[in-house]
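Engineer:
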Amino acid sequence: MKPDTLKSKIFLDGGNPDETKEIIRLLGFLDGQTTNPTLISKNPRAKEHLEHGGTFTEEEIMEFYREVVTRIASMIPRGTVSVEVYADPSTKAEEMLSMGRKMFSWIPNAHVKFPASHEGLKAAEQAVREEMRVNMTLCFSQEQAAAVYAATRGAKRGDVFVSPFIGRLDDRGENGMDLIEHVLAMYRKGDGHVEVLTASVRNPDHLLYALKLGSDIITAPYEILKEWGERGLPLPDEHYRYETKGLRGIPYKDIDLTKNWQEYDLRHDLTVKGMEKFSQDWNAMIGRPAVAQR
């Protein structure tokens with residue numbers, strides 16, 4: 001049962017419906033799930049097929065992805081499932097949008113994941129006009145989060161998520177949790193139509209601190225949610241302190257949310273690297289040569 005004092009929504013980050021079933025059993029609830037090409041490639045059925053030298057056609061992997069998210073969605077009918085489009089650094093907005101339209105039709109509770117890049121935001125702007133729900137992924141800066149806000153103006157709350165990836169910032173010595181804190185503070189100046197989804201959660205403290213900060217949504221992998229559930233769903237109290245462990249602080253920027261989204265600086269090397277990684281895993285499943293690294 002979800003604790004009454006737990007205000008954040010809890011999502012599972014994974015591509016295995018068996019894990020979804022187990023987390024629902026352990027926690028007594030689950031508010032949603034996030035998926036991506038890497039997680040789908042780690043699904044036991046896909047993994048076994050690939051380990052035996054097999055590949056999928058593009059049509060087969062799309063059908064497999066659809067089957068996986070359909071199973072997941074059936075277990076959390078009141079929740080939402082994020083499904084990610086193929087996007088390497090050269091993919092154009094119209095290509096993302098075309099795939100996004102198909103994915104949005106798969107299940108009644110889909111959010112389509114687009115990258116927080118120029119082409120991804122261009123696709124998301126049109127997707128929102130078409131009343132699609134979106135999750136802007138691979139966000140690594142306040143500027144990108146501001147652009148997400150601007151590109152999706154007019155959407156209702158619940159239809160737009162922004163997913164700052166904290167673990168990947170930690171990996172290079174920056175305090176990723178600072179980004180969550182700053183985006184939440186920046187959005188308080190706005191109309192509340194974008195929800196902050198803390199992503200790339202690597203350890204229990206990421207989860208607990210995101211809860212303390214009041215992140216709208218937190219997505220975490222199976223192992224972390226399993227441990228949290230087995231510990232009885234502990235919540236941070238007033239004495240909880242997040243240990244930064246020597247990570248460099250990320251300074252807050254006072255950003256105007258009223259500008260057009262194209263006016264913000266969207267460049268971030270981790271967004272590009274993330275797109276390359278996800279596209280490589282997608283291409284590996286269909287036996288397509290990897291996109292050249294930049």
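Read in order, the letters of the sequence shown correspond to residues 1 to 294 in the UniProt record's numbering.
Heads up, the beta-carbon is just placed ideally off N, CA and C, and yes, glycines get one too.
Pop quiz: Gly32 and Ile76 are said to be a contact at Cβ under 8 Å. What is the actual Cβ separation, rounded to whole angstroms?
Structural biologist: Here residue 32 corresponds to residue number 32 of the sequence shown, with the count starting at 1. Here residue 76 corresponds to residue number 76 of the sequence shown, with the count starting at 1. At roughly 6 Å, the Cβ-Cβ gap stays under 8 Å, so Gly32 and Ile76 are in contact.
Engineer: I'd like to confirm the pairing. Which residues does DSSP put opposite Gln33 in its beta bridges?
Structural biologist: On the sequence shown, residue 33 is found 33 positions in, with the first residue counted as 1. Answer by DSSP bridge pairing, in chain order: Leu12, Val81.
Engineer: Starting from His111, follow its DSSP beta bridges and name the residues at the other end.
Structural biologist: In the sequence shown, counting from the first residue as 1, residue 111 sits at position 111. In the DSSP output, where bridge partners are listed per residue, His111 has Ser82.
Engineer: What does a CB cutoff of less than 8 Å around Val148 pick up in its chain, not counting 5 residues either side in sequence?
Structural biologist: As a position in the sequence shown, residue 148 is number 148, starting the count at 1. Ala116, Leu121, Ala124, Met136, Cys139, Val160, Val162, Val194, Trp261.
Engineer: As a quick exercise: from Lys9, Leu184, Pro221, Thr55, pick the residue whose alpha carbon is nearest that of Phe29.
Structural biologist: In the sequence shown, counting from the first residue as 1, residue 29 sits at position 29. For the residues Lys9, Leu184, Pro221, Thr55, the minimum Cα distance to Phe29 belongs to Lys9.
Engineer: Between which two residues does the beta strand (DSSP E) holding Thr198 run?
Structural biologist: Counting from one through the sequence shown, the residue named residue 198 turns up at place 198. Taken as a continuous stretch (DSSP letters only), the beta strand (DSSP E) holding Thr198 covers 194-198.
Engineer: Rounded C-beta distance between Gly167 and Val201? I'm assuming under 8 Å.
Structural biologist: Within the sequence shown, residue 167 is the residue found at index 167, counting from 1. Within the sequence shown, residue 201 is the residue found at index 201, counting from 1. About 7 Å; that satisfies the 8 Å criterion.
Engineer: Which one or two residues does DSSP pair with Glu174 in a beta bridge?
Structural biologist: Walking along the sequence shown from the start, residue 174 turns up at place 174. Per DSSP, Arg248.
Engineer: Report the rounded CA-to-CA distance for Phe114 versus Gly246, giving the unit in angstroms.
Structural biologist: Locating residue 114 in the sequence shown gives position 114, where the first residue counts as 1. Locating residue 246 in the sequence shown gives position 246, where the first residue counts as 1. If I take the Cα positions, the gap works out to 32 Å.
Engineer: Using a Cβ-Cβ cutoff of less than 6 Å, which residues in the same chain neighbour Arg71 once the five nearest sequence positions on both sides are dropped?
Structural biologist: The sequence position of residue 71 within the sequence shown is 71, counting from 1. Closer than 6 Å at the Cβ level, and outside the excluded window around Arg71, lie Pro17.
Engineer: For Val134, which of helix, strand or coil comes out of DSSP?
Structural biologist: Position 134 of the sequence shown holds residue 134. In this structure, Val134 counts as strand in the three-state DSSP scheme.
Engineer: Return the bridge partner residues of Pro164 from the DSSP annotation.
Structural biologist: Taking the first residue of the sequence shown as 1, we reach residue 164 at position 164. Cys139.
Engineer: Alpha carbon to alpha carbon, how far is Arg153 from Gln126? Give it in angstroms, no decimals.
Structural biologist: As a first step, residue 126 is located in the sequence shown; it is residue number 126 there, counting from the start. As a first step, residue 153 is located in the sequence shown; it is residue number 153 there, counting from the start. Going from the Cα of Gln126 to the Cα of Arg153 covers about 11 Å.
Engineer: Answer with buried or exposed for Met37, where buried requires no fewer than 16 other C-beta atoms within 10 angstroms of its C-beta.
Structural biologist: Walking along the sequence shown from the start, residue 37 turns up at place 37. The residue asked about is misnamed: residue 37 is Pro in this sequence, not Met. Buried, because 16 or more other Cβ atoms sit within 10 Å of the Cβ of Pro37.
Engineer: In chain order, what residues of the same chain have a beta carbon less than 8 Å from the beta carbon of Ile255, not counting five sequence neighbours either side?
Structural biologist: Locating residue 255 in the sequence shown gives position 255, where the first residue counts as 1. Contacts found: Gln142, Glu143, Ala146, Met186, Tyr264.
Engineer: Please list the terminal residues of the continuous alpha helix (DSSP H) segment that includes Ile224.
Structural biologist: Along the sequence shown, read from residue 1 onward, the residue named residue 224 stands at position 224. Per DSSP, Ile224 belongs to the alpha helix (DSSP H) from 222-230.
Engineer: Put Ile217 into one of helix, strand or coil per three-state DSSP.
Structural biologist: Along the sequence shown, read from residue 1 onward, the residue named residue 217 stands at position 217. Strand, per DSSP.
Engineer: For Leu233, does the three-state DSSP call read helix, strand or coil?
Structural biologist: As a position in the sequence shown, residue 233 is number 233, starting the count at 1. If DSSP states are grouped into helix, strand and coil, Leu233 belongs with coil.
Engineer: Taking contact to mean at least 3 C-beta pairs separated by less than 8 Å, is the segment 84-93 in contact with the segment 276-289?
Structural biologist: Yes, the segment 84-93 touches the segment 276-289.
Engineer: I'd like the list of long-range same chain contacts for Glu230, defined as Cβ closer than 8 Å, with 5 residues on each side in sequence excluded.
Structural biologist: Start at 1 with the first residue of the sequence shown, and residue 230 comes out as number 230. Only Leu26 meet the Cβ criterion.
Engineer: Please name the residue in His182, Leu169, Ile23 whose C-alpha comes closest to that of Glu223.
Structural biologist: Residue mapping note: residue 223 aligns to position 223 of the sequence shown, counting from 1. It is Ile23.
Engineer: Mapping the DSSP letters down to three states, classify Ser279 as helix, strand or coil.
Structural biologist: Translated into positions along the sequence shown, residue 279 becomes position 279. Ser279 falls in the helix class under three-state DSSP.
Engineer: Would you list, in sequence order, the uninterrupted beta strand (DSSP E) runs of no fewer than 3 residues that lie entirely inside the segment 17-67?
Structural biologist: The segment 17-67 contains these whole beta strand (DSSP E) runs: 32-34.
Engineer: Please report the straight-line C-alpha distance between Arg294 and Lys273, rounded to a whole angstrom.
Structural biologist: Here the question's residue 294 lines up with position 294 in the sequence shown. Here the question's residue 273 lines up with position 273 in the sequence shown. Because Arg294 sits at a pLDDT of 42, beneath the cut-off of 50, its placement in the model cannot be relied upon, and the following sentence gives the value as read from the coordinates. Each residue's Cα considered, the two are about 9 Å apart.
Engineer: Flag this pair as touching only if the segment 165-181 and the segment 205-223 have three or more C-beta atom pairs under 8 Å; answer yes or no.
Structural biologist: Taking 8 Å as the limit for Cβ pairs, the verdict is that the segment 205-223 does touch the segment 165-181.
Engineer: Rounded to whole angstroms, what is the Cα-Cα separation between His118 and Ser98?
Structural biologist: Along the sequence shown, one-based indexing puts residue 118 at 118. Along the sequence shown, one-based indexing puts residue 98 at 98. Using only the alpha carbons, I get a separation of about 16 Å.
Engineer: Within the chosen definition, does the segment 232-252 reach the segment 168-183 through at least 3 CB pairs nearer than 8 Å?
Structural biologist: Touching, yes, given that three or more Cβ pairs across the two stretches are closer than 8 Å.
Engineer: Would you please state the rounded distance, in angstroms, between the beta carbons of Leu12 and Thr219? I believe it to be under 8 Å.
Structural biologist: Within the sequence shown, residue 12 is the residue found at index 12, counting from 1. Within the sequence shown, residue 219 is the residue found at index 219, counting from 1. Going by Cβ atoms, the distance from Leu12 to Thr219 rounds to 7 Å, so yes, they are a contact pair.
Engineer: Exposed or buried, which one is Met1 when buried takes at least 16 other CB atoms within 10 Å?
Structural biologist: Numbered from its first residue, the sequence shown carries residue 1 at position 1. By the 10 Å Cβ count, Met1 comes out exposed.
Engineer: To the nearest angstrom, how far is it from the Cα of Leu235 to the Cα of Arg78?
Structural biologist: Taking the sequence shown and counting its residues from 1, the one referred to as residue 235 is at position 235. Taking the sequence shown and counting its residues from 1, the one referred to as residue 78 is at position 78. Spanning the two alpha carbons is a distance of roughly 23 Å.
Engineer: Residue range of the alpha helix (DSSP H) that Gly120 falls in?
Structural biologist: Residue mapping note: residue 120 aligns to position 120 of the sequence shown, counting from 1. Where Gly120 is concerned, the enclosing alpha helix (DSSP H) stretches over 118-129.
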